[in-house]
Amino acid sequence: MSVILVFLLVIVGFAGWWLSHQRLMAKPWLEQGVIGDIIGQEGSALPTAKIGLGVFLAVVGCLFALFTSAYFMRMALSDWQALPLPRVLWFNTGVLVLSSIALQCASVAARRGQIDTVRLGLVTAGLTALAFLIGQLVAWRELTADGYLLTANPANSFFYLITGMHGLHILGGLVGLSRTTAGAWNGARPERLRLSVELCAMYWNFLLFVWLAIFALLAGWAATFIEICRQLLT
Amino acid sequence: MAVALVLVLVVVGSVLFHFLSPWWWTPIASNWDYIDNTIIITFWITGVVFAAVVLFMAYCVFRFRHREGNQAAYEPENKRLEWWLTIVTAIGVTAMLVPGLFVWNQFVSVPSDATVVEVVGQQWQWSFRLPGKDGKLGTSDTRNVSPENPLGVNASDANGQDDVVVEAADLHLPVGKPVKMLLRSIDVLHDFYVPEFRAKMDMIPGSVTYFWFTPTKTGTFQVLCAELCGQGHPLMNGVVMVDTQEDYLAWLGEQQTFAQLSAPQQVGSAE
Amino acid sequence: MVDITPADAVPPAEVAEMELYHPHSWWTKYVFSQDAKVIAIQYSATATAIGLVALVLSWLMRLQLGFPGTFDFISPEAYYQFITMHGMIMVIYLLTALFLGGFGNYLIPLMVGARDMVFPYVNMLSYWIYLLAVLVLASSFFAPGGPTGAGWTLYPPQAIMTGTPGGQDWGIILMLVSLILFIIGFTMGGLNYVVTVLQARTRGMTLMRLPLTVWGIFTATVMALLAFPALFVACVMMLFDRALGTSFFMPAIVEMGEQLQHGGGSPILFQHLFWFFGHPEVYIVALPAFGIVSDLISTHARKNIFGYRMMVWAIVGIGALSFVVWAHHMYVSGMHPYFGFFFATTTLIIAVPTAIKVYNWVLTLWRGDIHLTVPMLFALAFIVTFVNGGLTGLFLGNVVVDVPLSDTMFVVAHFHMVMGVAPILVIFGAIYHWYPKVTGRMLNEAMGQFHFWVTFLGAYLIFFPMHYIGLMGVPRRYHELTATTVMTESAHDLNAFISIMAFLVGFAQIVFLFNLIWSIRHGREAGGNPWRATTLEWQTPETPPAHGNFGKELPIVYRWAYDYSVPGAKEDFIPQNMPGAFGSSREPA
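Protein chains in written order, with the UniProt record's numbering: chain A, 1 to 234; chain B, 1 to 271; chain C, 1 to 589.
Dropping the structure here:
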């Protein structure tokens with residue numbers, strides 16, 4: 001459970017930093033009738049939707065941290081046999097990076113009001129994300145063809161489970177992305193479009209990060225890394 | 001008025017119930033009277049706190065109940081009082097925790113002279129295995145379980161050949177000798193629990209758990225399963241008999257070893 | 001003496017007005033509504049309905065325990081299905097849904113001075129997914145093999161094996177699917193509650209001016225958002241084990257003489273995941289109750305809550321600490337025994353902030369002006385039961401004391417007292433308190449008194465003696481206790497007494513339900529602020545509040561939520577949105 005505890009520690013650190021700016025030591029009964037000096041205590045200047053997405057991503061991060069925790073705990077048992085990662089995963093990683101870059105470009109373009117670039121970025125991101133999903137399915141097929149079936153070993157089970165869970169999140173993101181794309185063509189208000197493109201980019205970057213973490217985990221680098229850290233500490 | 005009275009009655013009733021009711025723990029039959037003592041300490045501390053808080057509430061309700069023209073005092077906080085209460089609470093909590101951890105340390109440190117007894121749970125009965133003359137239990141694996149080998153003892157392990165196997169029958173233990181109970185299950189979670197011994201531990205398929213105790217009284221005790229293990233859970237009873245040394249040896253002499261139990265089958269299959 | 005800052009000296013509300021969703025038809029107004037208040041009532045009604053099922057299940061269990069052998073239709077299978085469904089419904093589908101989905105939805109926007117939740121559409125979806133989860137759960141009663149009987153903890157391997165009712169039928173699958181749906185639905189709602197508190201507070205509403213109700217619900221929601229994923233992961237993995245034959249949790253097993261295909265998995269892994277959710281869950285239920293009860297006591301004792309800052313810190317502290325105590329549910333699970341030292345220590349540390357909260361509640365009563373209204377009675381009863389249940393928690397949290405007591409009736413008595421009876425008493429108190437705001441009418445006082453006394457004393461008489469049955473060593477989750485030797489003859493009589501009390505308490509709830517319905521039409525007219533309370537929900541222009549809550553302009557907040565009996569003020573309460581400074585000396589001598 002150490003992975004999830006470290007993750008929560010980060011969250012606690014963040015919450016603590018935020019709370020420390022909220023004057024939790026103030027004596028509220030002495031501040032009656034005043035609002036002058038407490039302006040800026042109401043909420044963040046960031047758009048509410050971004051805060052909402054941020055909280056949601058914390059929950060998603062928690063989910064994957066828990067899968068990782070379970071992965072390590074199960075890995076410690078004797079019947080674990082790591083499976084070889086299909087090469088197509090490297091290609092998929094590249095495609096997902098492209099997808100993120102495309103959305104990042106779209107978000108920059110939206111800020112500058114270049115609607116054509118926004119459209120191009122959105123479509124590229126959508127298509128590359130689809131390509132990523134197809135690539136993941138190819139990886140699944142390769143593995144099953146080579147006899148690495150879901151139930152044969154917990155390492156296989158985790159591979160399908162975690163990549164599947166990540167794929168579902170991409171799929172959910174595609175729904176949001178397609179709505180944004182439709183908005184880009186149907187003349188949504190610029191500030192609205194800009195916000196939704198930025199939200200998509202945020203979500204995409206996060207899922208890219210999660211994917212890289214998962215990739216490292218499934219390839220066994222994460223375990224090696226932790227082992228090195230442990231040796232350094234002791 | 002009535003409310004304050006009822007609150008007082010709740011405290012008085014609870015305390016009287018505690019001291020007068022016939023429902024109390026079973027007489028202890030193991031060395032774990034430390035656990036009982038820790039419970040007693042905890043009862044005293046928590047009982048005093050419960051009575052104090054509720055009686056204080058009753059007094060407030062009586063004394064400060066609404067009457068025409070009353071006005072509540074204005075007091076946002078009282079740093080000193082709050083700190084005092086925090087410190088007193090921390091002391092009370094420590095007074096419970098320290099003996100608890102002290103006894104837990106004993107609970108998890110098995111004495112070196114403890115003899116080993118293996119308990120195997122399955123839906124819904126108890127079996128036991130005792131080391132033979134070599135004093136060692138042979139290895140086992142759930143994959144070896146078969147009608148001829150109900151406990152899954154590893155037939156190729158020489159240590160296991162003289163193990164005494166008690167399938168679905170009573171366990172006997174000698175009085176006054178520490179035992180380390182090794183707990184194993186071949187199907188689901190169970191929990192080996194004898195209320196008189198106070199100790200218990202879950203059994204987990206796929207791994208071996210343990211606890212230790214010293215039986216201090218001879219007699220017959222009921223084994224209960226304390227982890228929901230399916231519909232037969234409440235009927236999963238067993239018997240532990242704590243004997244004097246002579247009785248125990250007499251019983252042990254009547255038991256069959258793993259080799260004896262599996263021999264007829266081997267002969268049968270050879271023919 | 002009274003120095004009132006002119007209201008026009010303050011610029012009008014600068015909080016960005018949100019675009020409100022405007023319903024166009026009866027359907028979008030009352031059924032697929034995006035108004036948090038309607039969603040709150042939908043949540044509450046659904047939770048109450050499924051909660052009544054759980055109540056009936058508890059009666060059936062008590063019939064069997066109190067009068068063993070008399071009711072043949074309660075077979076062991078049925079009994080285990082009853083305990084499982086009773087537990088799961090009460091903890092998740094009733095308490096969590098009612099506190100967060102019900103009270104959270106209704107009170108958060110009103111109390112922080114917002115027009116609605118920040119994502120109303122997602123909020124609506126949250127309810128409908130919750131309803132779907134409840135329906136899937138209820139459907140397992142009609143599935144072949146019936147619902148699962150694995151106990152609410154759903155421990156593998158037994159949860160998915162034939163020896164457990166529903167293990168190899170539909171029961172466990174429907175349960176897992178329902179939980180997964182619940183978590184998805186809850187996450188949608190939870191995002192709303194958190195972000196609304198973060199972003200939609202009205203002008204002047206700093207965090208330290210929030211009523212403790214909002215603090216409690218807010219912290220509990222943050223915890224739930226971080227804890228429920230653990231249950232989600234556990235459910236998904238178990239679903240894989242059950243439906244696809246993987247071995248996440250399943251070791252090599254011989255079931256009824258037959259080797260199963262599974263191998264190598266770890267049941268303990270599931271327990272870690274489950275309790276990583278399960279322990280915070282206790283506080284997810286308790287923290288909203290803490291918050292609400294603080295406000296009830298303060299309002300009805302006409303006194304500011306004592307030690308507000310300490311109360312806030314304690315809520316946040318308990319919330320954070322509750323993530324590092326989960327394994328105290330696993331002292332005798334066979335995990336590494338050295339964990340016991342760590343988790344016993346953290347568990348007992350958490351008792352300190354909890355105790356501070358209790359002290360501050362009773363110190364709020366001290367020198368108050370206590371109105372013994374029905375909500376106040378429930379708040380007092382909460383303190384009694386919560387202190388009782390919390391103190392027995394010190395037995396079970398102290399690792400070595402837990403060894404003889406775990407998995408006995410003592411545990412059952414403990415958690416019913418602390419997270420069953422105590423939070424439900426708060427729920428009742430809260431309903432008596434806020435019903436006038438929701439409907440515009442008061443609940444009937446006489447029926448309320450009857451309901452209170454039977455519920456409080458009855459519940460105490462059920463669960464207090466039950467501790468002692470557990471102390472005798474009587475295990476929980478036994479369908480039959482007649483073969484258990486530690487269960488004496490007199491203890492059987494005590495069990496029968498407990499069962500009779502359980503029926504009595506159950507029937508009192510029918511009076512309460514009748515009161516809820518009867519008072520909608522026949523209750524006394526309440527007016528906007530019948531309790532003369534300070535918080536914003538009582539200052540709405542209409543009662544019940546209209547869509548958008550606050551009329552044309554959002555309120556501006558000038559003070560904390562507890563300005564009761566301020567010396568020098570004309571009345572014994574000053575609403576949060578009343579400008580000006582009152583009183584000569586704010587710092588007590």
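Built from N, CA and C at the ideal position, the CB exists for glycine as well.
None of the values given here were measured: they were computed from a predicted structure.
Asked	Found
Minimum Cβ-Cβ distance from C/K303 to chain B less than 8 Å	yes
Neighbour-count burial assignment, C/K552, 16 or more Cβ in a 10 Å radius	exposed
Beta-carbon proximity of A/A70 to C/L269, cut-off 8 Å	yes
Reduced DSSP category for C/I4 - H, G, I as helix; E, B as strand; rest coil	In this predicted model, C/I4 has a pLDDT of only 40, less than 50, meaning its place in the structure is not dependable enough to derive any value.
Continuous beta strand (DSSP E) stretch holding C/G291: start and end	Run containing C/G291: none in the beta strand (DSSP E); it sits in the alpha helix (DSSP H), P267 to H300.
Contact with chain A by C/V312, beta-carbon distance below 8 Å	yes
Check whether residue 273 of chain B and B/G138 have beta carbons under 8 Å apart	Any question about residue 273 of chain B goes unanswered here, given that chain B covers just 1 to 271.
Cutoff 8 Å: C/D3 Cβ touching any chain B Cβ	Confidence at C/D3 is low in this model, with a pLDDT of 40, below 50, so the placement of that residue is unreliable and no value is reported for it.
B/N149 (DSSP reduced to helix, strand or coil)	strand
A/W140 at chain C interface by Cβ criterion, 8 Å	no
Residue burial classification, B/S21 (beta-carbon count within 10 angstroms, cutoff 16)	exposed
Cutoff 6 Å; reference C/Y155; Cβ partners in own chain excluding five residues on either side	none
Minimum Cβ-Cβ distance from B/P205 to chain E less than 8 Å	You won't find chain E in this structure, because its protein chains are A, B and C.
Any C-beta of chain C under 8 Å from that of B/L85	yes
First and last residue of the uninterrupted beta strand (DSSP E) at B/C225	G219 to C225
C/P12 (DSSP reduced to helix, strand or coil)	Low confidence applies here, because C/P12 scores a pLDDT of 43, under 50, leaving its location unreliable and the question unanswered by this model.
B/L173 - containing beta strand (DSSP E), residue span	L171 to P174
For B/S127: DSSP bridge partner residues	B/V120
Check whether C/L273 and C/V324 have beta carbons under 8 Å apart	no
Boundaries of the alpha helix (DSSP H) in which C/G63 is found, first to last residue	Reading off the sequence shown, one finds Leu at residue 63 of chain C, where the question assumed Gly. It spans A36 to G66 - the alpha helix (DSSP H) in which C/L63 sits, taken as one unbroken run.
Contacts of C/W275 in chain A (Cβ-Cβ under 7 Å)	Neighbours of C/W275 on chain A: none; closest Cβ ~10 Å, over 7 Å.
B/S30 - DSSP class collapsed to helix/strand/coil	strand
Contact belief for B/L16 with B/V54 at Cβ below 8 Å, rounded distance in angstroms	Not really, about 14 Å apart at Cβ, beyond 8 Å.
Alpha carbon of B/V165 to alpha carbon of B/S127, nearest angstrom	8 Å
Among C/D493, C/G104 and C/A491, the one whose alpha carbon lies nearest that of C/V195	C/G104
Residues that DSSP places opposite B/S140 in a beta bridge	B/V153
Beta-carbon gap between C/W275 and C/H336 smaller than 8 Å	no
Same chain only: Cβ atoms within 6 Å of A/S107, ignoring 5 sequence neighbours per side	V197, E198 and A201
Three-pair Cβ contact test at 8 Å for the segment 210-230 of chain C versus the segment 181-191 of chain C	yes
Assigned exposure category for B/S269 - 16 Cβ within 10 Å defines buried	Here B/S269 scores only 46 on pLDDT, less than 50, and its place in the model is too uncertain to base an answer on.
Closer than 8 Å to chain A by CB, C/A581	yes
Residue from A/W140, A/R192, A/A213 and A/L130 with nearest C-alpha to residue 274 of chain A	Residue 274 of chain A falls outside the range modelled here, since chain A spans only 1 to 234, and no answer is possible.
C/D241 in three-state terms, based on DSSP	helix
Burial state of residue 604 of chain C, where buried means 16 or more other Cβ atoms lie within 10 Å	It is not possible to answer for residue 604 of chain C, since the shown part of chain C is limited to 1 through 589.
Other residues of its chain near C/R524: CB distance less than 6 Å, five sequence neighbours each side excluded	M442
The segment 132-141 of chain C touching the segment 170-177 of chain C, judged by at least three CB pairs closer than 8 Å	yes
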